[in-house]
Amino acid sequence: MPRPATPQQLAELVQDQQAAEAARLEETTTQQADDGAGGKLAALLAIALTAWVAAFGALTAIGAGAKLAGLLAGIRRDVDKASRDLGPRSRRTLEGVLQEATLLGAGHAVTFLKRATGRDHDLPDLHVARDVAHAAAGLEAAVLEQLRLAARLLTPRQVAASGWRGVILGLAAARRAARLVRETIAWTVHRAINDGAAQVADHHSARLLWVAEADACVICLAYAGRLSGRDGRFPGGLSMDPHSRSTRAAALDGPPAHVNCRCRAVPWPSGWDVSPGSLPDLLREDAWRSVAAGRGRPSEPVAARRRAAQALLAQRGLSARVRRQAAATAAGRT
Ligand SMILES: [Zn+2]
-9 MPRPATPQQL AELVQDQQAA EAARLEETTT QQADDGAGGK LAALLAIALT AWVAAFGALT
51 AIGAGAKLAG LLAGIRRDVD KASRDLGPRS RRTLEGVLQE ATLLGAGHAV TFLKRATGRD
111 HDLPDLHVAR DVAHAAAGLE AAVLEQLRLA ARLLTPRQVA ASGWRGVILG LAAARRAARL
171 VRETIAWTVH RAINDGAAQV ADHHSARLLW VAEADACVIC LAYAGRLSGR DGRFPGGLSM
231 DPHSRSTRAA ALDGPPAHVN CRCRAVPWPS GWDVSPGSLP DLLREDAWRS VAAGRGRPSE
291 PVAARRRAAQ ALLAQRGLSA RVRRQAAATA AGRT
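Every letter in the sequence shown is one number past the one before it in my numbering, and letter 155, counting from 1, is 145.
In structure tokens form, the structure reads like this:
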């Protein structure tokens, strides 16, 4: 029988190896759904700019009349061409991968249990969760609505008043359709993967342990090392930053906690060690160290990380080093 893995090895299994497999599935799904549409839509801005200057002489010039109508009709045609089939293709692609994603997450959970105990664990019959199927089914309509909004913005009536800025707004709306595809796929694929893990946890009467990304945001760091309640859910609205906490947020079935969250959940059978040095403890300590260090994600305001460090100082059980670092971050000395 193989020796059970150490908490550090288990963290690496989930945060590195399995997270990379999940990321690969997300990426191939996104590429297949997007099929170049995002890039083509982004490129339209430069093309429209050239056309505008050619038609009206300068970006600050007010466009009007038949020239404006013709230019906008051309842009709308380009948007149509670039985004052709994007809605249906995205939905089809995403729906087509849900079973695989669920199975991948379940497989990861079974591997985790085996590595943690040295014993084989069986896989239950799996199903695609309802919220996952629902998210995928709604993608086509959401994309089409976004593209309809872009088409409405790119009409002479809308652009006559705002000039070139109106074209920028219309094209930005079209680009949001591609972003919506990316974000929905990211959320849905990771929800399906984590639901697969939850079905394995259920089957083995285990709770879920939240394993945050190594460079997670202040929200996800608050979940790191946390076990689900007896109902298998996590409290909603947690954050290391007091400003982004909410007491009214709905409970979570598990990760993702938000759009673009790539946290993972693993089964944690009752009776497993949660004392100092265990995996949950290790994950919590990692999260505290990350908050103390104050290095946020590019999307996070510095102030959020400072507030999180300040709030961390109230936490019991901090090492002297983490406490010193958190105090420095809170005071803006890092
Ligand atoms: Zn997360």
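The beta carbon of each residue, even a glycine, is placed where N, CA and C say it ideally should be.
- When secondary structure is reduced to three states using DSSP, Trp154 falls in the helix class.
- Rounded to whole angstroms, the Cβ separation of Arg165 and Leu31 is 5 Å, and the two are in contact under 8 Å.
- The Cβ neighbour count for Gln189, taken over all protein chains shown within 10 Å, is at least 16; the residue is labelled buried.
- Under DSSP, Phe224 takes part in a beta bridge, and its partners are Leu242.
- Taking 8 Å as the cut-off, the Cβ atoms of Arg274 and Ala191 do not count as close.
- Residue environment for Ala91: buried (at least 16 other C-beta atoms within 10 angstroms of its C-beta).
- Between Ala163 and Leu76, the beta carbon gap of about 14 Å keeps them out of contact (Cβ cut-off 8 Å).
- Beta-bridge partners assigned by DSSP to Trp278: none are found.
- A straight-line Cα-Cα distance of about 9 Å links His111 and Phe102.
- Going by DSSP, Pro259 is part of the beta strand (DSSP E) stretching over 254 to 259.
- DSSP places Leu58 in the helix class (H, G or I) of the three-state scheme.
- Cβ-Cβ distances below 7 Å link Arg297 to Asp231, Pro232, His233 in the same chain, with the five nearest sequence neighbours on each side left out; the list follows chain order.
- Trp278 sits close to Leu308, with the two beta carbons spaced by under 8 Å.
- Using a C-beta cut-off of 8 Å, the stretch 208 to 224 makes no contact with the stretch 10 to 19, since fewer than three inter-stretch Cβ pairs fall below that distance.
- For Glu203, the CB contacts under 6 Å within the same chain, skipping 5 residues up- and downstream, are Arg252, Cys253 in chain order.
- Straight through space, the alpha carbons of Leu161 and Asp6 are spaced by roughly 37 Å.
- Not one heavy atom of ligand 1 is found less than 7 Å from the C-beta of Pro288.
- With fewer than 16 other beta carbons inside 10 angstroms of its own, Ile52 counts as exposed.
- Residue state for Ala(-5) is assigned as coil, using DSSP reduced to three classes.
- Per DSSP, Val201 lies in no alpha helix (DSSP H) segment; the continuous beta strand (DSSP E) that holds it begins and ends at 196 to 201.
- Here Thr178 is buried, its C-beta having at least 16 other C-beta atoms within 10 Å.
- Per the C-alpha coordinates, the member of Val69, Trp262, Asp271 positioned closest to Arg142 is Val69.
- In this structure the stretch -8 to 2 touches the stretch 249 to 269; the number of beta carbon pairs closer than 8 Å is three or more.
- DSSP links Leu217 through a beta bridge to Leu199.
- Taking the CA atoms as reference points, Leu144 sits about 41 Å from Glu11.
- When the five nearest sequence neighbours on each side are left out, the beta carbons in the same chain lying within less than 6 Å of the beta carbon of Ala301 are those of Pro232, in order along the chain.
- Here Pro225 has Ala241 as same chain residues with Cβ atoms under 7 Å from its own Cβ, once five neighbours each way along the sequence are excluded.
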